[in-house]
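Numbering (UniProt numbering), first residue to last: 1 to 1060.
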């Protein structure tokens, strides 16, 4: 039976300290910077300060900030806060001011304890403050009774939303893990514990209360402490007997100052994964010294009250490659559970959950988040017991121990592939010369390139060994163990990896590390010069990949919008590559077969790609000016009628006309989108207003209105001056229920129909949620923006707003002129081949599209394992995800509608193939009818191939307007439309932490059935979004179609050879 410690409900930290004072009042309690204080000294000062806090009405569970550097005053302030029933919050003076202010506000700190030397600090200017070095004699009082279930302290941890969250920890949890009855370490009055961790980190609780509640001496490292330089001397001089280190610091000491740890009999290492190589090296040295020692790997998050498990490293198997997390400490529980909260079997992975007395109370003032992460414990017999979902992934060994695998939320995506950084790091660590490694994902937002970069140190003296030798050994090892998409593109050797103030590897610093920029070398004996140049362009757009002649653009994660970027870049390099060529010949060798390098032109002249790019940019500018001044798209009579406040004008496109007239005829708010997102930046009304006007000035479509009657045809008129309306509110004082109600009201208000003849066709609303976050909601007419354009709009807006907040500048690339698409559509209308192609279809039975409708939406998320298998199929088949999804949609919808002659609509992108087209805001979509031959498709792979071929076939006609197709056929050729959405710009917002993954999107359509597959790889995964008119198709149709489609996509992933 598992051992338990019975702790009385009344046991609290400061009363345990009181007991130590009574037992040995003259024993040294704190040694700080050559100044020692006895337990009685500390008690006297802490009690006087507690009386002062009572005078200021500080009491039960008030939060008291402690803005003091590591010192005896800091410890005294903590004790004083506990004595009055308050919880302390460490506010380190070396933290950024804005972070400290956020912590004070978010925690609702009542009062801050500090020293007079901090009087000029701007951190404390708006909060009640007590300077503890000015405290005089205070009238004694009766201190309040405090229970073990009250909060002892609050620690802020990094939040996945970009905002830190406060964890409330009770006395009950702390007194348990520092009890003398615990076995993972031997606490007692003869021990000396080094206080090394910053007070804002949970390891400090082990050090401080492990000493002061057990009669031990607490030795404080100096505030300016430098680990490698000062630690060895400190350990020996003070006779430290218990030491807790982070693995990163432990690794550095073993590598460079191994002797520093010789004098420490009890060493705990925790907070991250420990290298078994370093562990064996340390064990070997200690065993040779012949001294008794304790060496344990400990594990536990802040939400688990610092420590919940321990493993004796002396028991480590000689062939071990990982250090187990060990067994739970007394009164704690650890579970390894699958997604259904079932215990996993040996060899299986699961999420680590913590139960028992170690579970913290929750996140301060965040009941929603607390309920998500702190769950009822189904394995406990204690009423009301909870367990904490750590987000850590573990694997269960055959002997029942849990091994740490990595963070479930530390996954990254590289060209659509899910990559665990810990797995890449483990592969590199297995190279015998590597001593430490940290792999990060570096993102080049300008080029839309994501690269894994490995930063590492070695055991050997790199001054006597070639860096290239070590790097080559690592590359060989990585290529042996991992698939190509998991290979880092750069390997950077360091003498020592940078550490944070808490002693962990500083990943954020490494993510910003810049070496001399270099593209992957792609020229090899296998590639021609043309292939090498195109491969370099692919890498610039898609990221690094294994360059071989049969590399496939779509298998590497390419899509139609990325293809436009490739074509634009190729044009700058002097290559005449078209979208049709890229779709028709998607492998590197096939694509380059008929391409001619600039230096190989028939006339023998050498083209300069850089000069060509400059000339092309000038040509685009000249074209844009001609559209404004000489506009060949409108006749002279119409041009004379343009009002003086109109900057430029061009005819409405056919899709815009269809949307406008459907909206006017139906009298409903169709083709209107409303979106709300929470932005992780402070709200400044003036800066946001000015930023919106800057974006409107940059993009003419945000200043556009339509004139339906004054010209020879419907015109888009672009007003000269930007005037995007902005309404600002304050939600900071609303509770959750009030916030939800106000949000719903705003979304309804934003959903009111636009008058298309009044600019702008967008409205914006912003509301402060707290000091560092606001909710941004906006509505726009679909006639001015498609989905890709909306994602570009929000990315540019928030990047520019973020820069304006700190008075920095952002250089945005020039978008292509919108008028170019109008011209291309006009050309398409005269395409006789397109008319002949679409004449093969016939109109569906006519129905009144404006009759009463009842649109319902169903949203499902594809399982992670399904997505991973689909991505493998993409690589194996050389067929894009879009084609696989369309195949599933086509068959599923045909069956649901019982239509043997089913024709589907496919949403296609008609953006011009020119530089900057991917940055232009506008409506570039079209719907094209497609009919597949189900009888000739034996299996899912064949049907997906047929889908891909069908899309390639319609590519030359993709801009032939859908409205014209309907006119030719006498009605719509389909009732169900499909679209595949993968907006890379939205992923950038999530990666940069500018927005949260949650968003409220409401759109209105007139299509009877619309199915969207949304590839949100940085957010929730791949979503199935079905909207259907259930008045027409019956109640539950949308959900039934979504569920059936999900099943078919499962089949595509796992049983693609199945006869269909």
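Heads up, the beta-carbon is just placed ideally off N, CA and C, and yes, glycines get one too.
- For the options 739, 717, 721 and 567, the alpha carbon positioned closest to that of residue 757 is the one of 717.
- Following the DSSP letters along the chain, one finds residue 328 inside the beta strand (DSSP E) bounded by residues 324 to 328.
- Exclusion of the five residues before and after residue 358 leaves 173, 304, 305, 308 and 332 as the residues of its chain whose Cβ lies within less than 6 angstroms of its Cβ.
- Residue 424 has its alpha-carbon roughly 19 angstroms from the corresponding atom of residue 872.
- The residues 522, 527, 547, 551 and 588, in chain order, have a CB closer than 8 angstroms to that of residue 535 in the same chain once the five nearest residues on each side in sequence are set aside.
- Here the alpha carbons of residue 486 and residue 80 stand approximately 52 angstroms from one another.
- Taking 8 angstroms as the cut-off, the beta carbon of residue 922 is found closer than this to the beta carbon of residue 818.
- Rounded to whole angstroms, the separation of the alpha carbons of residue 270 and residue 246 is 5 angstroms.
- By the beta-carbon neighbour count (other beta carbons within 10 angstroms, threshold 16), residue 635 is exposed.
- A residue is called buried once 16 or more other Cβ atoms fall within 10 Å of its Cβ, and residue 400, having fewer, is exposed.
- Pairing residue 671 with residue 659 gives a Cβ-Cβ distance under 8 angstroms.
- Taken atom to atom, the span from the alpha-carbon of residue 898 to that of residue 1032 is near 15 angstroms.
- Assignment of residue 173 by DSSP, reduced to helix, strand and coil, places it in the helix class.
- Contact check for residue 50 against residue 84 passes: the beta carbons are separated by less than 8 angstroms.
- In the displayed model, residue 545 falls within coil according to three-state DSSP, outside both helix and strand.
- In this structure, the CA atom of residue 107 is about 15 angstroms from the CA atom of residue 370.
- The C-beta distance from residue 61 to residue 150 rounds to 6 angstroms, short enough to meet the 8 angstroms contact threshold.
- Take the alpha-carbon of residue 1036 and the one of residue 311: they are about 53 angstroms apart.
- Taking residue 883 as the centre and dropping the five residues before and after it, the same chain places the C-beta of 944, 947, 948 and 951 closer than 7 angstroms to its C-beta, in chain order.
- No Cβ-Cβ contact shorter than 8 angstroms links residue 165 with residue 175.
- About 6 angstroms separates the Cβ atoms of residue 235 and residue 264, confirming a contact at the 8 angstroms cut-off.
- Within the stretch 725 to 779, complete alpha helix (DSSP H) segments of at least 4 residues are found at 736 to 750, given in chain order.
- The alpha carbon of residue 681 has as its nearest neighbour, out of 799, 711 and 673, the alpha carbon of 799.
- Beyond the five residues adjoining it in sequence on each side, residue 653 comes within less than 8 angstroms, by CB distance, of 821, 822, 825, 923 and 961 in the same chain, given in chain order.
- About 32 angstroms separates the Cβ atoms of residue 1045 and residue 920, ruling out a contact at the 8 angstroms cut-off.
- Where residue 288 is concerned, the enclosing alpha helix (DSSP H) starts and stops at 276 to 289.
- In the DSSP assignment, residue 927 falls outside any alpha helix (DSSP H) and within the unbroken beta strand (DSSP E) covering 925 to 930.
- Judged by beta-carbon spacing, residue 330 lies beyond the 8 angstroms limit of residue 141, meaning their Cβ atoms are not closer than that value.
- Cβ neighbours of residue 1001 within its own chain (closer than 6 angstroms, five residues either side excluded): 675.
- DSSP places residue 1051 in no beta strand (DSSP E) but in the uninterrupted alpha helix (DSSP H) bounded by 1037 to 1054.
- Contiguous alpha helix (DSSP H) elements confined to the stretch 60 to 111 occur at 72 to 83 and 97 to 107, taking only those with 4 or more residues.
- For residue 394, the uninterrupted beta strand (DSSP E) run begins and ends at 386 to 396, by DSSP.
- For residue 380, there is no enclosing beta strand (DSSP E), as DSSP marks it with neither H nor E.
- Straight through space, the alpha carbons of residue 222 and residue 918 are spaced by roughly 55 angstroms.
- Closest by C-alpha distance to residue 778, out of 755, 786 and 746, is 746.
- Three or more Cβ pairs drawn from the stretch 108 to 127 and the stretch 64 to 82 lie within less than 8 angstroms of each other, which places the two stretches in contact.
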